[in-house]
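Chemist:
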């Protein structure tokens, strides 16, 4: 039963706009039992039926996510510093960690007039195509970084064959800056949040207009906040 639940939740997380029948099919479940399971998960708040009849993640999943150690410590500790950065740079600010699939967005602050940014809280972004991912891989533990690169190397080799050299440059500079990979009009600037072993616990990012003249000031604000979050976590 748990395997069936996870298959349904995985499909909902990855695909928008599915009806219960389509969701059951995508999860590889018989329609009758799949529909009963989806109805049960909906009644418990783990799924939600929209006005158009499609299925999306429910509020209960969000509530459970807010009770995790990651949310209580990292997110809550970082939030005041992120608010300061967001007020200074006037652009989207986000906090992320590395997970087996890519970069997991832990928190995101934006404001009216900010440049386009497709990242969403609890969403996964490609590590090899984002400044967040470059920082998390460059400053991650050697074993974890190598494991991630080995797992994803076929994709990396095809789409970002210079990644290892870029990670070395990121370590030397202490930050990552990538132009126009996710959106051609934006630049991602990211710094690490380091633990006592000088390894990245998280990455702090601002997404700004591409080649903005304010990037040096943005970087300074991020570095100050990154140091503050690291001290508060320790």
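Residue numbers (our numbering): 432 to 665. Yeah, the Cβ is synthetic: ideal placement off N, Cα and C, and Gly gets one too.
(1) Are the region 585-603 and the region 629-639 touching, with three or more C-beta to C-beta distances below 8 Å?
(2) In whole angstroms, what separates the C-alpha of residue 556 from that of residue 635?
(3) Please determine, among 639, 524, 477, the residue with the shortest C-alpha to C-alpha distance to residue 610.
(4) On the DSSP letters alone, give me the boundaries of the alpha helix (DSSP H) that residue 464 sits inside.
(5) If residue 510 sits next to residue 538, beta carbons under 8 Å apart, how far is it from one beta carbon to the other, in whole angstroms?
(6) According to DSSP, is residue 545 helix, strand or coil?
(7) Which complete alpha helix (DSSP H) runs does the region 589-649 hold, if anything under 4 residues is left out?
(8) Nearest by alpha-carbon distance to residue 560: which of 578, 598, 459 is it?
(9) Relative to the C-alpha of residue 443, which candidate in 461, 434, 488 has its C-alpha closest?
(10) Does DSSP classify residue 446 as helix, strand or coil?
(11) Roughly how many whole angstroms lie between the Cα atoms of residue 461 and residue 453?
(12) Check whether the Cβ atoms of residue 562 and residue 621 sit closer than 8 Å, and answer yes or no.
Modeler: According to the structure data:
(1) Fewer than three beta-carbon pairs drawn from the region 585-603 and the region 629-639 are found closer than 8 Å, and the two stretches are therefore not classed as touching.
(2) The residue you call residue 556 lines up with position 125 of the chain shown. The residue you call residue 635 lines up with position 204 of the chain shown. Note on geometry: alpha-carbon atoms of residue 556 and residue 635 lie some 14 Å from one another.
(3) Mapped onto the chain shown, residue 610 falls at position 179. Closest by alpha carbon: 639.
(4) Counting from one through the chain shown, the residue named residue 464 turns up at place 33. DSSP places residue 464 in the uninterrupted alpha helix (DSSP H) bounded by 462-474.
(5) Indexing the chain shown from 1 puts residue 510 at position 79. Indexing the chain shown from 1 puts residue 538 at position 107. Between residue 538 and residue 510 the Cβ distance is about 6 Å, and since that is below 8 Å, they are a contact.
(6) Against the chain shown, residue 545 aligns to sequence position 114. Here residue 545 carries a coil assignment [DSSP, helix/strand/coil].
(7) DSSP runs (the alpha helix (DSSP H)) wholly in the region 589-649: 594-604.
(8) Counting from one through the chain shown, the residue named residue 560 turns up at place 129. In terms of Cα proximity to residue 560, the closest of 578, 598, 459 is 598.
(9) Residue 443 sits at position 12 when you count from the first residue of the chain shown. The candidate whose alpha carbon is nearest that of residue 443 is 488.
(10) Residue numbering aside, residue 446 sits at position 15 when the chain shown is read from its first letter. For residue 446, the three-state secondary structure derived from DSSP is coil.
(11) The residue labelled residue 461 in the question sits at position 30 within the chain shown. The residue labelled residue 453 in the question sits at position 22 within the chain shown. Roughly 11 Å separates the two Cα atoms.
(12) By 1-based counting over the chain shown, the position of residue 562 is 131. By 1-based counting over the chain shown, the position of residue 621 is 190. Their beta carbons are under 8 Å apart, which means residue 562 touches residue 621 by this criterion.
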